[in-house]
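According to the working numbering, the sequence shown holds residues 67 to 523 in order. Here a beta-carbon is modelled for each residue, glycine too, at the ideal position from N, C-alpha and C. Here the structure is laid out as structure tokens; the discussion comes afterwards.
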Amino acid sequence: MYSEISEISGISVQLPRSSQLQEMGDRRLIPLSQTSLHRESALKMSRVSPIPQCILNLMSISVSERARQFPESPIRKLFPLAEGARGRGIHVYQLNIGQPDLETPGPFMKVIHEFSQPNVAYSPSPGENIYLDALVEYYRRAGHELERNQIQVTIGGSEAIHFTLQIICSPGDEILVPEPFYTNYTTMAMMCGVKVVPLPTKVEDNFRLPPASEIEVKINDRTRAILFCNPSNPTGTILSADEMATLSRLAKQRDLWLVADEVYREFVYDGKTVISALSLEEIQDRVVVVDSISKRYAACGARIGCLVSRNPEVMKSALRLAQARLSAPTLGQLGAAAMRELGSDFFDGIVAEYVKRRDIVHEELQNIPGVVSFLPSGAFYTMAKLPVPDAEAFASWLLTDFSRDGHTVMFAPGNGFYATPGLGNDEIRIAYVLKEDDLRGAMACLREGLETYPDRL
Ligand SMILES: Cc1ncc(COP(=O)(O)O)c(C=O)c1O
């Protein structure tokens, strides 16, 4: 729509096509790479204030420069293509999104069904007392002694991540994050003006962390924290005791925060254990843990999470942020509080189910020629390298050009989980959140899709 550039009163601006230029007075054409005039840019560039009306007339109201840069979710970006496939009568197995298909436990549902208050009121900003007490008990059972005031209830783990970055970082600061990582860390960091500095890990090395020396070279004056997800979304890895010790030592020696996203804490397989950052006694003043009931209790829509820290300054700031957004969901907290009724064996059945699913996915991946994968130990994801030049194009093709007995499959393209440009282009993330039969059908689609894909390497 815009084709020519002009400078008026010191402001560079792209003008509408020539016909409309006739209406303009004083102008000089200059090159400018911007696609339209942005108000902030105009104000910055302008030597006159306010902006002259003739310029304002040319400007369409626009969002901030920061907002334009927020990345699209790689997990959801293929949704329109999936809709298209469904429109053609094709069933789409969704392995792109980490939404468990299991039932939310009965005690949660009972609370919601039996809620009898005349209105749904705000809950206190720190969280409902009944839920904070339940959380204290939950962490005690997991081996961590906490006071109520060391837990801030949040709107999902998402808000806990956002609060944490707001609290520990200033604009311009940097955080180190092992990549591939949960993609929303990027957007959260951008919201806070924080730069994500990736610590690359590879499927060929089972996504192990780089050695301390390679992490240390990435630390500079602006580095504030190491943020990691354990067990990891998207790789399914669990940090070893050595890796945790390395992170803990670096945090102490280099004066960093350690932010542990532990929303998959219970999803651990093969008798392995997750070392919570809450047990790193030496550095408790610099630990923040992000948590959530979304995956733990298959209650993603309840929107309940929490931020945990033994650092009183962190908790004071978290409360102020919580006060500004008033309250976390009241009903969600009441339902979550009822989870304390669940027996200690509650997770055994769930873990067994996910182990079965993981094994199906892993076995299928191992049997497809050219695929590189590894056996994940936790969460319900895995990243696999495919014999294709562009996994996003392949994932799109599966939705637009492929079907097997009326079925196809949707994956999240891998590149969106990396901050380093070019990495992950031949990878996909698989969320094994479907029942056995569906999972087998989905993997059969992947196998046959790869056999027939015209651009297969
Ligand atoms: C690693 C990780 N952290 C945090 C979240 C946020 O979850 P929620 O906001 O639903 O608690 C997710 C959701 O997928 C996740 O995978």
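Less than 8 Å between the C-beta atoms of residue i and residue j, yes or no?
i           : j           : result
residue 264 : residue 245 : yes
residue 329 : residue 357 : yes
residue 249 : residue 140 : yes
residue 222 : residue 360 : yes
residue 362 : residue 324 : no
residue 450 : residue 416 : no
residue 374 : residue 346 : no
residue 376 : residue 350 : yes
residue 525 : residue 312 : No answer is possible for residue 525: the residues shown for the chain start at 67 and end at 523.
residue 399 : residue 191 : no
residue 554 : residue 233 : One cannot answer for residue 554 here, as it falls past the ends of the chain, which runs 67 to 523.
residue 492 : residue 454 : yes
residue 321 : residue 288 : no
residue 290 : residue 235 : yes
residue 423 : residue 442 : no
residue 208 : residue 342 : yes
residue 304 : residue 338 : yes
residue 153 : residue 472 : no
residue 270 : residue 438 : yes
residue 254 : residue 136 : no
residue 505 : residue 171 : no
residue 440 : residue 299 : no
residue 380 : residue 354 : yes
If I'm right that residue i touches residue j with Cβ under 8 Å, what's the distance once you round it to whole angstroms?
i           : j           : result
residue 219 : residue 394 : 5 Å
residue 251 : residue 316 : With 8 Å as the limit, residue 251 and residue 316 do not qualify as a contact, their Cβ atoms being about 19 Å apart.
residue 181 : residue 402 : That pair is no contact at about 13 Å.
residue 147 : residue 466 : 6 Å
residue 461 : residue 494 : 6 Å
residue 396 : residue 187 : 6 Å
residue 158 : residue 474 : 6 Å
residue 480 : residue 457 : 6 Å
Thinking just about the alpha-carbon of each residue, which of the options is nearest to the one in residue i?
i           : options               : result
residue 418 : 336, 149 and 158      : 336
residue 477 : 499, 489, 486 and 261 : 499
residue 228 : 327, 430, 455 and 212 : 327
residue 427 : 118, 413, 411 and 446 : 446
residue 508 : 364, 160, 199 and 308 : 160
residue 225 : 457, 162, 431 and 369 : 369
residue 406 : 282, 286, 133 and 177 : 177
residue 164 : 520, 516, 302 and 511 : 302
residue 295 : 310, 122 and 212      : 310
residue 469 : 280, 116, 119 and 513 : 513
Within 8 Å of any Cβ in chain D, is that where the Cβ of residue i sits?
i           : result
residue 391 : As a matter of chain content, chain D is missing from the structure shown, which is built from one protein chain.
Curious, which full-length beta strand (DSSP E) runs of at least 3 residues does the segment 211 to 298 contain? Note on the segment 211 to 298: whole beta strand (DSSP E) runs with a minimum of 3 residues are 217 to 220, 240 to 245, 261 to 266 and 289 to 295, in chain order.
Closer than 5 Å between the C-beta and any heavy atom of ligand 1: which residues qualify, listed along the chain? Residue selection by CB proximity (closer than 5 Å to any heavy atom of ligand 1) returns 164, 222, 223, 224, 248, 295, 299, 327, 329, 358, 360 and 371 in chain order.
Length-filtered (3 minimum) beta strand (DSSP E) runs lying within the segment 370 to 409: Counting only unbroken stretches of 3 or more residues, the beta strand (DSSP E) elements lying wholly within the segment 370 to 409 are 371 to 374, in sequence order.
Residue ranges of each beta strand (DSSP E) run of no fewer than 3 residues wholly in the segment 436 to 498, ordered along the chain? Counting only runs of 3 or more, we get 447 to 451, 473 to 476 and 493 to 497.
Ranges of the alpha helix (DSSP H) found wholly within the segment 153 to 218, counting only runs of at least 4: Listed in chain order, the complete alpha helix (DSSP H) runs (minimum 4 residues) inside the segment 153 to 218 are 172 to 180 and 195 to 207.
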